[in-house]
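Letter by letter, the sequence shown follows residues 1 to 345 in the UniProt record's numbering.
Think of the CB as a built atom: it goes at the ideal place given N, C-alpha and C, for glycine as much as any other residue.
What follows is one structure encoded as structure tokens, with my remarks underneath.
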Amino acid sequence: MFQIYENFGNNPPKMNDVLDFVGILTHEPLHAETDVILNVPTLHVLFTRPQKLDVLPTPGFHTTATEALQKELVSWIAEEALGGDQDAAEQSRIRSLNPPSLALSHFPPPSSPSLEPPPPTISHVLSLLLPTFVTLPLSLELLNTTPFVPESSEEDLSSGVLQLSSGTTLLITETNVREGQLVEKGVMNVMAIQDVMESQTLSYKFPFSQFSFPTDIQFIVLSEGKKSVFLKTDVTVPLRPSGSSNLYKPNSQVVLPSLEKLASFRRLILGARFGKIEVGQQTSEHIQQDFVEERKSDKSISSDHLKLSITTTRLLGLTLLEKELTIETWKRSKALEARRKARLD
């Protein structure tokens with residue numbers, strides 16, 4: 001139990017913030033409607049402070065060394081976790097930072113079927129790189145029986161699977177999904193995941209009301225088929241691993257970079273996660289002209305396509321630590337998107 005005396009003023013903690021509480025620990029009776037007196041640990045909070053990610057100094061701008069480090073990072077993810085698929089690794093890297101959501105389709109199941117399939121290697125690799133990372137192995141049993149959103153029961157508010165701290169990357173695997181029936185609770189849980197994906201808000205259920213609070217969760221979904229069984233993601237990338245690759249090797253078999261290199265990878269990712277990038281007039285005009293030309297040749301291209309392309313380019317620019325988006329990064333992003341679409345055909 002926490003006893004908080006601090007006046008937060010105009011800057012109160014937000015839902016899903018992670019805080020450090022510093023205070024004096026005592027044991028005091030719990031005031032409840034019961035004849036039994038329970039003494040519970042009680043922290044009299046002297047002050048609080050938000051937990052901040054340990055962002056070590058990073059280069060303030062794009063350099064040749066930065067780009068070389070990015071290529072090393074993508075190659076390591078590809079070789080150790082995605083069967084050598086460089087584009088899938090690139091997409092996973094940039095989509096793990098911010099929305100939109102990503103599905104890696106045609107992701108093969110483990111070669112040896114079991115009741116509890118091993119986690120994919122990408123789970124371990126991303127956990128080494130990202131500050132807050134969670135793997136969610138979906139199954140019908142989990143969907144049908146487990147609360148995914150916070151629910152009020154009597155005087156308590158029980159947490160849900162999707163109640164995650166801000167900045168979390170959630171890897172959803174569908175390897176455990178088997179034939180069966182999705183009951184009402186399961187349907188509601190799938191809808192809850194989709195709502196968070198699309199609106200970045202999570203509903204909290206109370207006895208006579210329901211409130212939504214903002215979230216900050218990035219989604220990567222691994223699907224065996226052409227697309228996710230349950231979820232509609234913004235971007236789908238069919239995986240193309242080499243024939244001899246093992247996507248489920250034990251953590252002990254993952255070839256790790258040196259501690260210094262791994263720290264550099266993390267600094268680069270955090271620098272991209274919290275960086276800012278602007279679009280200059282020249283690049284903006286180039287993008288608009290490109291869009292007009294593409295619309296002339298393909299009438300199906302909409303403003304939504306342009307919005308997604310700009311978002312992808314922005315994420316790519318952030319991973320390169322650019323302060324201003326360049327035409328070269330726009331071209332690189334377009335090439336990445338063209339290769340992705342070619343895989344869908």
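Item                                                                                                                             : Value
Close beta carbons around Pro113, own chain, < 8 Å, minus the five adjacent residues each side                                   : none
Own chain partners of Glu80 with C-beta closer than 7 Å, once the 5 adjacent residues on each side are dropped                   : Thr121, Val125, Val254 and Val255
Own chain partners of Gly275 with C-beta closer than 7 Å, once the 5 adjacent residues on each side are dropped                  : Leu318 and Leu321
Rounded straight-line distance, which links the Cα of Thr132 to that of Trp330                                                   : 29 Å
Ile37 - DSSP class collapsed to helix/strand/coil                                                                                : coil
Any beta strand (DSSP E) of 3 or more consecutive residues that is wholly inside the stretch 218-251                             : 235-238
Burial state of Met197, where buried means 16 or more other Cβ atoms lie within 10 Å                                             : buried
Segment contact, 8 Å Cβ cut-off, at least three pairs: the stretch 296-316 with the stretch 245-265                              : no
3 or more residues per run - each beta strand (DSSP E) lying fully within the stretch 147-182                                    : 151-153, 156-158 and 168-173
Nonlocal neighbours in the same chain, by C-beta distance under 6 Å from Ser180, ignoring five residues either side              : Looking at the sequence itself, residue 180 is Gly, so the reference to Ser does not match. Once the five neighbours on either side are set aside, the close Cβ partners of Gly180 are Leu140.
Unbroken alpha helix (DSSP H) run spanning Thr64, endpoints                                                                      : Thr64 to Ala81
Contacts around Leu56, its chain only, beta-carbon distance under 7 Å, and the 5 residues preceding and following it disregarded : Since pLDDT at Leu56 reaches only 49, below the 50 mark, its modelled position is unreliable, and the value read off the structure follows with that caveat. Here the set comprises Arg267.
Length at least 4, wholly inside the stretch 191-220: the alpha helix (DSSP H) runs in chain order                               : none
Whole-angstrom distance between Pro29 and Leu270, CA atom to CA atom                                                             : 43 Å
Paired residues, beta bridge with Ser105 - DSSP                                                                                  : Pro238
With 16 other Cβ atoms within 10 Å as the buried cut-off, status of Asn7                                                         : exposed
Pairwise C-alpha distance: Thr64 and Ser212                                                                                      : 44 Å
Cβ-Cβ separation, Glu278 to Leu325 (assumed contact under 8 Å), whole Å                                                          : 7 Å
Helix, strand or coil at Gly271 according to DSSP, with G and I counted as helix                                                 : helix
Three-state secondary structure assigned by DSSP to Gln253                                                                       : helix
Length of the line joining the Cα atoms of Phe219 and Leu136                                                                     : 10 Å
Backbone secondary structure at Gln282 - three-state DSSP                                                                        : helix
Ser101 versus Thr42 - alpha carbon distance                                                                                      : 41 Å
Close beta carbons around Gln194, own chain, < 7 Å, minus the five adjacent residues each side                                   : Leu231 and Lys232
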